[in-house]
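**Student:** This structure is in structure tokens; I'll ask about it shortly.
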Amino acid sequence: MTTQWPRFDRPYVAAIHDITMAAAAFVLSLYLRLGDDFWSQTKDFLLEGTLLFTAICATVFASFRLYRGVWRYASLDDLLAIAKAVSLAILIFAVALFALTRLELMPRSALAINWLLLMGMLGGPRLLYRIAKDRGFFGILEQGSDGRIPVLLVGAGDIADAFLRQQRKPGEQYRVVGLIDNDLRKVGRYIHGVPVIGVPNKVENVLNKLRKSAIRPQRILIADALVTGTEIGDFLELADRYGMTLARL
Numbered sequence: 009m010t011t012q013w014p015r016f017d018r019p020y021v022a023a024i025h026d027i028t029m030a031a032a033a034f035v036l037s038l039y040l041r042l043g044d045d046f047w048s049q050t051k052d053f054l055l056e057g058t059l060l061f062t063a064i065c066a067t068v069f070a071s072f073r074l075y076r077g078v079w080r081y082a083s084l085d086d087l088l089a090i091a092k093a094v095s096l097a098i099l100i101f102a103v104a105l106f107a108l109t110r111l112e113l114m115p116r117s118a119l120a121i122n123w124l125l126l127m128g129m130l131g132g133p134r135l136l137y138r139i140a141k142d143r144g145f146f147g148i149l150e151q152g153s154d155g156r157i158p159v160l161l162v163g164a165g166d167i168a169d170a171f172l173r174q175q176r177k178p179g180e181q182y183r184v185v186g187l188i189d190n191d192l193r194k195v196g197r198y199i200h201g202v203p204v205i206g207v208p209n210k211v212e213n214v215l216n217k218l219r220k221s222a223i224r225p226q227r228i229l230i231a232d233a234l235v236t237g238t239e240i241g242d243f244l245e246l247a248d249r250y251g252m253t254l255a256r257l
């Protein structure tokens, strides 16, 4: 029987998860720091502090696009983004708390504990979800590297995932500037830091927008086994008009 995993790839589910974890990490960090004195020392500010920290995290996480990462393809890039977002959120919270209370109510060491907890509570589920889907760990361990030839990749599934990971290795020749996929739910999402920027029947619009941003893909690469011969013909015609080449992985 095939295991059905929850769809954590939807942005609103990821947002709910991350915001909930932020609130939980704040409370838990204080409990771990204060122990039996937790309630007596936090009852005057626990609710306000939790709401403030959670609001800051929600804003910072959105600015780092944490909610738009696809958990199915979580990688070291996602962990790095989480580390940056968590660090910035805690820094902003510390500054805000200092301005309001001179940090008199919040043990400073609890901030460090909070950082560790939140890193684990945000990154851990993403990596476990990826490992469970892949039935392995090594797909996560990839290194960043720029390719040389800008390309547009058609497909945002397993073939595209493998290709993107391969291109991050030193010496590879391609730089994927965007992904095209039939699944509208993926548009606006990111896989290994590369955005899904359109659907197949809107590729010409995508190319025009890229060119306005001084991004000129030289090739269209098909990374979807379900692309039909008719669709390939359409891509070939489009590639000819834009002076690009077409290839299938």
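Residues in the sequence shown are numbered consecutively from 9, following our numbering.
C-beta: ideal position from N, C-alpha, C; glycine also.
(1) Under the three-state reduction of DSSP, which class applies to residue 250: helix, strand or coil?
(2) What's the C-alpha gap between residue 36 and residue 227?
(3) Give me the Cβ distance between residue 34 and residue 58, rounded to the nearest whole Å; I'm assuming they're in contact under 8 Å.
(4) Suppose the cutoff is 7 Å on Cβ atoms and the five residues either side in sequence are ignored; what does the same chain contact list for residue 169 look like?
(5) Scan the region 106 to 189 and note each continuous beta strand (DSSP E) run of 3 residues or more that stays entirely inside, going in chain order.
(6) Do you know offhand how far residue 164's Cα is from residue 19's?
(7) What distance in whole Å lies between the Cβ atoms of residue 161 and residue 244, which are believed to be in contact at a cut-off of 8 Å?
(8) Please name the residue, chosen from 97, 231, 218 and 216, that lies closest to residue 126 on a Cα-to-Cα basis.
(9) Report the rounded CA-to-CA distance for residue 140 versus residue 123, giving the unit in angstroms.
(10) Less than 8 Å separating the beta-carbons of residue 239 and residue 208?
(11) Using C-beta distances below 7 Å, list every residue in its chain close to residue 231, excluding the 5 sequence neighbours before and after it, in chain order.
(12) Count the other CB atoms within 10 Å of the CB of residue 24; is the residue buried (16 or more) or exposed (fewer)?
(13) When you compare the CB positions of residue 183 and residue 159, do they come within less than 8 Å of one another, or not?
(14) Report, in whole angstroms, the separation of the C-beta atoms of residue 69 and residue 93, which I expect to be a contact under 8 Å.
(15) Closest to residue 26 by C-alpha separation, out of 109, 111 and 132, would be which residue?
(16) Is the beta carbon of residue 129 closer than 8 Å to that of residue 32?
(17) Grab me the residues of residue 250's own chain with a C-beta within less than 7 Å of its C-beta, minus the 5 sequence neighbours each way, in chain order.
(18) Which residue wins for smallest C-alpha separation from residue 73, given the options 30, 46, 119 and 197?
(19) Output yes or no for whether 8 Å exceeds the beta carbon distance between residue 254 and residue 211.
(20) Looking at the structure shown, is residue 229 part of a helix, part of a strand, or coil, going by DSSP?
(21) Under 8 Å by Cβ, that's how I've got residue 134 and residue 79 pegged, so tell me the actual separation to the nearest angstrom.
(22) Of the residues 201, 217 and 248, which one's Cα is nearest the Cα of residue 88?
(23) Assuming residue 104 contacts residue 65 (C-beta within less than 8 Å), just tell me the rounded distance between them.
(24) State the Cα-Cα distance for the pair residue 174 and residue 54, rounded to the nearest angstrom.
(25) On the DSSP bridge assignment, give the partners of residue 203 in chain order.
**Tutor:** Put simply:
(1) coil
(2) 50 Å
(3) 5 Å
(4) 81 and 199
(5) 157 to 162 and 182 to 188
(6) 16 Å
(7) Rounded, the Cβ-Cβ distance is 16 Å, inconsistent with contact.
(8) 97
(9) 25 Å
(10) yes
(11) 161, 162, 163, 167, 168, 171 and 257
(12) exposed
(13) yes
(14) 5 Å
(15) 132
(16) yes
(17) 215
(18) 197
(19) no
(20) strand
(21) 5 Å
(22) 201
(23) Residue 104 to residue 65, Cβ: 12 Å. No contact.
(24) 47 Å
(25) 198
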